[in-house]
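Notes for the one structure printed next.
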Amino acid sequence: ARPVATPGVSATEIRLGSSVPLSGEAAIAGNVARGIAAYFKYVNDKGGVFGRKITFTYLDDGYDPGRAVNNTIRLIQQEQVLAVFSSLGTSNNLAVRKLLNDAKVPQLYVASGATTFGRDYKKYPWTLGYIPPYSEEGELYGRYVVKNIKKPKIAVLYQNDDYGRDLLGGLKRGLGSKVKSIVASVGYDPTSADVQPQVTQLKASKANVLMVFAFGKFSLQAFNAVSRLAWKPQIFVNDVSSASALMAIVPQSAANGAISIVFGKDPAAPLWRNDKGIKLFQSILRKYGSSVNSRDLQDGYFTTGMATAYTMVDTLKKAGKNPTRQSVMNAATHLDEKGNPFVLPGIVIHTTPSSRFPLTQVRLQRWSANAWHPFGKLITARPG
Amino acid sequence: MALLALLEVDNVSRRFGGIVALDAVSFTAEAGEIVGLIGPNGAGKTTAFNVITRLYTPDEGDVRFNGETLLETPPSGIIQRGIARTFQNVELFRGMTVLDNVRVGAHARAGEQRPEDVLFYVNLHSVRHRSPLELPYATQKRVELARALASGPQLLLLDEPAGGLSHEEVEQLGKFIKRLRDDFELTILLVEHHMGLVMSVANRVHVLDFGEKIAEGTPSEIQSNPAVIEAYLGAPA
Amino acid sequence: MILELHNVEARYGPVKALHGISLRVGEGELVAVLGANGAGKTTTLRAVSGTVRRSGDVVFAGKKLSRRPEATARAGIAHVPEGRGTFSELSVWENLRLGGYTRRGNVKHEARRVFEFFPQLESRLDQQAGTLSGGEQQMLALGRAMMARPKLLLLDEPSLGLAPIVVTVIFEALEHMKGGDGMSVLVVEQNASLALAHATRAYVLEVGKVVVEGTGDELRTNESVRRSYLGY
Amino acid sequence: MRSRLWLELSGFTLLALAVAALPRFISDFRARELAIVGMYFIALIGLSILTGYSGQISLGHGAFMAIGGYTTAVLSVNGVYGHQIRDLWTIPIAGVIAGLAGLLVGVPALRLSGLYLALITFGIAVSFPQLPKKFDHFLGGTTGKILDLAKPPFGLATTPNNWMYYLTWGIALVLLGAAWLLVRGKTGRALKAIRDSEVAAASSGVKLATYKTLAFGISAFYAGVAGSLYAIANAYVNPDVFPIILSVYLVVGLAVGGLESLVGLIAGAGLIYFLQNHADTVARWINQLPALNLDPKQPGIPSMIFGVVLIVVMLLLPTGAGGVARRLFGSLTTRFYTRS
Amino acid sequence: MLVAAFTWAELAQQLAAGIREGAIYAGLALAIVIIYRTTRVINFAQGEMATFTTFIAWSLMNHGLSFWTAFPVVLAIAFAGGVAIERVVLRPVENAPVLTIVIVTLGLALLLNGLMSVIWGGANRQFHGPFSTRTIDVGGVPISVQDIGIVAVSVGLVVLLALFFRFTKLGLALRAAAVNPESSRLVGIRVGWMLALGWGIAAVLGAVAGMMIAPVVFLDPNMMQTILLYAFAAAVLGGLDSPIGAVVGGILLGVTITLLGRYVGFIGSTLKLPAALMLILVLLLVRPGGLFGRVAVRRV
Ligand SMILES: Nc1ncnc2c1ncn2[C@@H]1O[C@H](COP(=O)(O)OP(=O)(O)OP(=O)(O)O)[C@@H](O)[C@H]1O
Ligand SMILES: Nc1ncnc2c1ncn2[C@@H]1O[C@H](COP(=O)(O)OP(=O)(O)OP(=O)(O)O)[C@@H](O)[C@H]1O
Ligand SMILES: [Mg+2]
Ligand SMILES: [Mg+2]
């Protein structure tokens, strides 16, 4: 028996919760939570964490921050969760960061690459990100261009919000003194129907490098437009929009040679077809996933979910036999996880109290022959 | 003729595209008169009403009421000036009770008449909580009349009030209109195709044809006017 | 008999408007319906064309008549309703074309006949019907019904809003069509003297019931009819 | 109709009592949920005045809520000359500013009719979220503005959720009363007259421009108050907090509640909240049916459930909850002759 | 934002992009206009219906059918689907207030959207349209054959529709049923079927639009959501009941916002939507029925 009861922890159960979109335009990203749920069931089946089963409650917010706030309050007050875990979206997490920190509830492994979630821990000690921050990703591309492309003239297509601007800012930092080589940068608004006008404008700048810092269908349209305009720049495409399934359906004349970063295993990529991690992923999803179909087995959102869930289980184990919110937070800021089967081999998921970006190692990859081909060594995108 | 007419329609023209609905039409109505306005279909009678109540702006000419022009008054100000009307094709507020319809009539001139009293007067009190949609056509016309009376007007414009009434009912209506004029000290401008009614109540009649005024006179003069017979009445009834 | 009503009742929601009406119209006959304000005349016509909920038998040309208005129209009944029912957003010519909707082939011939009676319409073919004057719209409604060349014409106060000279024309036209085409007419009309002068037979309604019936002449000499509807 | 008046007054009193007593019987989080329902209710009252009474369809009321929400956020975060204003006092200001915006929209609306107006207001709902993105220095862009969590004032010993509940429903009852006084009197009649026949209304002396714009202004005021409360309850605003679909949901609430029924709107407000947040509950109900097994966690299923419920509700209550109530109790039946 | 300098070649290219974008809006706007013209309803499910039929086409082509074999099959399915939706879902509320009907279409949109996610998943799909993606060089400006095809189809459709409504009895009956169902029944028009037919035709138009658009914006359940907004705008701009207006309005809108977004720095991509709204509002204040629409005059 514990002296003081911790919310979300009982003799048999640990409660975690999340707010994700299951409806609306971003519904597909909700699969992250489904991947997590399947993984926790698998862990529970194997005995749970110190004998406790993980109960994972994820609620639909339709990608609306207002609803995310409401869900989060429901998770704390009604579902009595130990921690809020892997809620999705930058705004949705920003919206609840203050209230979670005020209530001293861990906001763990936020599913967003916004730099602030790892950087501003002094103000928000209960918050932690997960994936490499967008700004660092941009910086990597900048550094790569400086090193490998002679006389670069860079054009940037970016989503005109925090997300796109984070990437653009990082790129500028990575270019350092060569920042002048950006000859054109054009933002698009997510309410646009098609980004061809923006790409047209970028092409007119006579650039030889194109950064696609877009999201979902807009990056597809960007490749499409490049092909229609008969333009041949070296393309860099940011991680979030570079899933194999997407790259495979754009005009290959534009896609071939494109460069991106990678840290997770893409279940749709032939490279991992016989990988143990991916096989594990698929067997877990088949057995424990609810209403999954063959399509889902190829869906990277599920793998991302499982990767995060794997780290979460690690965290809970580290938090001790009688976890408290404080001990969970402590564990989360002292991670040193090797061998997460759902991320690239060799990646170490690492945090310290003053370095709160768990996943910062990535590789570069190039698209050709209908698949991504990683190249080079693991590189680190740790800020500062 | 009296020196000052209550209503003066002065040389008014109004065109719609190629159609000349009113062509330099002038006529007057004096206080206390019942004036008939008749003419073939499409002659411009309703248009004249619409010009007087400012729903249409005339292309030329002027309309004066109590000696002052009406053209500077917006449609919603007309009732303030003392002019109320009914509509040829019934324009009631379908989503409101009969009583509320009449109350709206008193909107701009509250206190002139009590809506309930008006409903008693026109014998509609028993249906005051019904929807006008459920009432027979002629009763609906009576609701319109009540709505117009609720503002306590000086001048009342009636557009075909006898529609849907049987012979006997038309006779009653004629008496009613005269009583109305006396009880409320009204001046009435009456558009009607029911000649029996016009002849029995009107002091004077103006005849329009194709937007032009073709005759004016007492009912009996008009009835025997060959131009009116030719254009409007047909073979003497 | 082209039309027979046996004990027809009709209701608006909970309100019963017809309490068992029986009437008939013979082939080539013009039958008039008289009655005070609210007696149920309009409802009787609606019951025939199916625009009000009815019960009881309606037999048309020997067959039970459908209760759906589009089917009655297709069976050969044209109804000029109270309030005219013109397509106010469409042009005059489109209104007339729609009148001939159930007819195959060219309707030019019918249109010419309509213009003969109502020359005013011909000069307004492109005008939006809703901007016509009240009487012109009434002419359009009649013209539209004529376009269908119906076997039975239901007229609800055809003279409403029409100049006296036009009213005479209409009844002449009805006389003409009835003779030439063998069309039958059931007409509700407040101008009783005119209606009875042309009617072969007539009915008088009071609160949803037939109270008097007879030939035109019989009714013209009926004391109470004279007092209420004829005024002499 | 004295009896009607008594009926309405006692109904109002009952409602007020119910509102006051309810928190004793429900969990703290339910109180928060009901508070949000109350916010939708306030916005719906406003929409009802505009659409139900004056007959102007607005598919853009979410934008007025957003104006209210942003007003509160700016006043309480940026403050005025650096003086932050307590959230409570921003509520009336938010209402007034939204109301002014409503008047502004009301003027061009005078020239638009029917579905054209509906689509233009829809355009406002679509366009509005772009403004905070454009003027991000002032309005926070997509990052949004983070407010302080609502706290009971004057050291009242109650939970934040209960406080939001009483605050919202207190305001809702006051505004309901005000709306009721408005629509049952001269103004309400004038608005309905305009809705039913503009020509006859004008000829009866009703100033169309004045009343129609006024309806827009009042209606936007209500939406602004609702938006302000919503911002306070969430302690956050950004463009996505007031999505396009919010405007559409409000119209849904109005249709479900019944165009002319102020109290029926509570049902509409409840439905909007319930459908957005309790798809899993509905799925559980649906799964009671044989041969059905919906997984509310599968992307797409919540939308399907929402869609189906909307359709079914509209098929069952084509004139809304208020319409049904009126058919059961009311004397005024407006039916067209080809119907029923 | 770093902006490239002005060149005539780019202007030409932007113009072409604008016209193509406008033609895309026009395709869906046409369907909206047809529903409005034949049922007096604004159909919020129009985008979802179009996407749904495009997914059907995608499935058929995935099973090995060529575009041109799948095309007529899809149109037939779309037509049947449109008719069925009207009969099953809208029929019961035929006489309800407009708002009720609009909400039913909204419910339908949500339902179809969810259904698509469940059946086909939320991921983007490649859709091979009928036109080559090759670009041809028009005076130094590369223009894709696909773009030319899209514009041609929009224009072709509107000509067909204009002829249909102007010269056929059925076209007239469709409009009549919408504006005055009671009187339509009295002249023998089967109003119920006319409404269903209207939905059928609109569904077919939506299907064509979907199959034209999908190759450009990639197929996913939300493909039409943004486009629907612009299509509404295009329809209002051109006049809600004018097919020609839909196409002219669409292209005008596409060109205007492309050029405004490109050359007016203050507007950029963020204020495109508000700018379009302002444009339309100003136009409506001058012409309350849109460019080609007619406002019904109601006189007393
Ligand atoms: N808004 C309008 N647009 C086009 N034409 C119009 C308009 N208003 C009236 N007209 C035309 O002006 C003429 C006069 O119409 P008005 O309604 O004044 O006739 P009226 O004398 O009242 O006829 P009726 O006895 O048939 O009611 C008609 O030919 C009508 O078509
Ligand atoms: N839409 C309706 N809803 C409810 N009741 C109605 C409706 N239409 C008519 N009634 C009622 O049915 C009865 C008969 O009306 P009907 O219209 O048939 O009379 P009518 O003889 O044609 O009268 P009028 O001479 O005024 O046209 C009346 O009591 C009327 O109140
Ligand atoms: Mg007239
Ligand atoms: Mg009648």
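Residue numbers (the working numbering), protein chains in the order written: chain W, 12 to 395; chain Z, 2 to 238; chain P, 11 to 242; chain L, 566 to 905; chain U, 315 to 614.
Built from N, CA and C at the ideal position, the CB exists for glycine as well.
Fair warning: this is a prediction, and the values are worked out from it, not measured in the lab.
{"Item": "Any beta carbon of chain P sitting closer than 8 Å to that of U:Ile503?", "Value": "yes"}
{"Item": "CB P:Lys161 to CB P:Ala71, shorter than 8 Å?", "Value": "yes"}
{"Item": "Does the pairing of the segment 517-533 of chain U with the segment 390-398 of chain U give three or more beta-carbon distances under 8 Å?", "Value": "yes"}
{"Item": "Only counting runs of 3 or more residues, tell me where the beta strand (DSSP E) segments fall wholly within the segment 327-410 of chain U, in order along the chain.", "Value": "none"}
{"Item": "Determine the burial state of W:Gly77: buried for a count of at least 16 other Cβ atoms within 10 Å of its Cβ, exposed for fewer.", "Value": "buried"}
{"Item": "So, for Z:Gln89: in the same chain, excluding its five sequence neighbours on each side, which residues have a beta-carbon less than 7 Å away from its beta-carbon?", "Value": "Thr47, Asp160, Glu161"}
{"Item": "Is the shortest distance between the beta-carbon of U:Leu567 and the beta-carbons of chain L less than 8 Å?", "Value": "no"}
{"Item": "Can you check which of these residues, P:Leu204, P:Gln130, P:Ala158, P:His208, is closest to P:Gln148 by C-alpha distance?", "Value": "P:Gln130"}
{"Item": "Is any beta-carbon of chain P found at less than 8 Å from that of Z:Asn204?", "Value": "no"}
{"Item": "Is Z:Glu193 buried or exposed, if buried means 16 or more other CB atoms sit within 10 Å of its CB?", "Value": "buried"}
{"Item": "Note down, one range per segment and in chain order, each beta strand (DSSP E) of at least 3 residues found wholly within the segment 139-192 of chain P.", "Value": "162-166"}
{"Item": "Looking only at its own chain, which residues have a Cβ that is under 6 Å from the Cβ of U:Val347, when we skip the five neighbours before and after it?", "Value": "Ala549, Pro557, Ala560"}
{"Item": "Hey, could you find the ends of the alpha helix (DSSP H) P:Gly66 is sitting in?", "Value": "Counting along the chain, P:Gly66 falls outside any alpha helix (DSSP H), though it belongs to the beta strand (DSSP E) covering 63-70."}
{"Item": "Can you have a look at L:Leu881 and say buried or exposed, based on whether 16 or more other CB atoms are within 10 angstroms of its CB?", "Value": "exposed"}
{"Item": "Consult DSSP for Z:Ala151 and reduce its assignment to one of helix, strand or coil.", "Value": "coil"}
{"Item": "Taking the alpha-carbon of Z:Val103 as reference, which of L:Lys777, L:Lys757, L:Trp571 has the nearest alpha-carbon?", "Value": "L:Lys757"}
{"Item": "For Z:Gly235 and chain P, any beta-carbon pair shorter than 8 Å?", "Value": "yes"}
{"Item": "Do the segment 726-737 of chain L and the segment 588-608 of chain L make contact, defined as three or more Cβ pairs closer than 8 Å?", "Value": "yes"}
{"Item": "Cβ of U:Val609 less than 8 Å from any chain Z Cβ?", "Value": "no"}
{"Item": "Could you work out which residue in U:Val614, U:Ser380, U:Leu424, U:Thr352 is closest to L:Val877 when comparing CA atoms only?", "Value": "U:Leu424"}
{"Item": "Give a single yes or no on whether U:Glu496 has its beta carbon closer than 7 Å to a heavy atom of ligand 4.", "Value": "no"}
{"Item": "Which chain P residues are close to Z:Glu161, counting only those with a beta carbon under 9 Å from its beta carbon?", "Value": "Gly144, Leu170, Gly171"}
{"Item": "Got a sec, what are the start and stop residues for the beta strand (DSSP E) W:Gln170 sits in?", "Value": "165-170"}
{"Item": "Can you find the residues in the same chain that come closer than 7 Å, C-beta to C-beta, to L:Leu907, ignoring five residues on each side of it along the sequence?", "Value": "Nothing in the structure corresponds to residue 907 of chain L, since chain L is present only between 566 and 905."}
{"Item": "Residues of chain Z with a CB under 8 Å from the CB of P:Tyr22: which are they?", "Value": "Glu135"}
{"Item": "Would you report the Cα separation of U:Arg622 and U:Ile515, rounded to the nearest angstrom?", "Value": "Only positions 315 to 614 of chain U appear in this structure, which leaves residue 622 of chain U out of reach."}
{"Item": "May I have the straight-line CA-CA distance separating L:Ser812 from L:Ser793, to the nearest angstrom?", "Value": "16 Å"}
{"Item": "Going along the chain, which residues of its own chain have a beta-carbon closer than 7 Å to the beta-carbon of P:Ala183, five neighbours each way excluded?", "Value": "Phe127"}
{"Item": "Buried or exposed: Z:Ala147, going by 16 or more other Cβ atoms within 10 Å of its Cβ?", "Value": "buried"}
{"Item": "If we cut at 8 Å on Cβ distances, does U:Thr570 have a partner in chain L?", "Value": "no"}
{"Item": "Counting Cβ pairs, one atom from each stretch, are 3 or more of them under 8 Å apart for the segment 309-317 of chain W and the segment 270-285 of chain W?", "Value": "yes"}
{"Item": "For the pair the segment 105-118 of chain W and the segment 34-44 of chain W, tell me if three or more CB-CB distances fall below 8 Å.", "Value": "no"}
{"Item": "What residues match up with Z:Arg16 in a beta bridge as DSSP calls it?", "Value": "Z:Val21"}
{"Item": "In its own chain, which residues sit with a C-beta less than 8 Å from the C-beta of L:Leu830, not counting the 5 before and 5 after it?", "Value": "Phe606, Leu609, Ile610, Ser613, Gly818, Leu819, Gly822, Gly823, Gly887"}
{"Item": "Mind the definition here: the segment 110-126 of chain Z touches the segment 148-158 of chain Z only if three or more C-beta pairs lie below 8 Å; say whether that holds.", "Value": "yes"}
{"Item": "Tell me the DSSP secondary structure of Z:His101 in three-state form.", "Value": "The amino acid occupying residue 101 of chain Z in the given sequence is Asp; His does not appear at that position. Looking at Z:Asp101 - three-state DSSP - the assignment turns out to be helix."}
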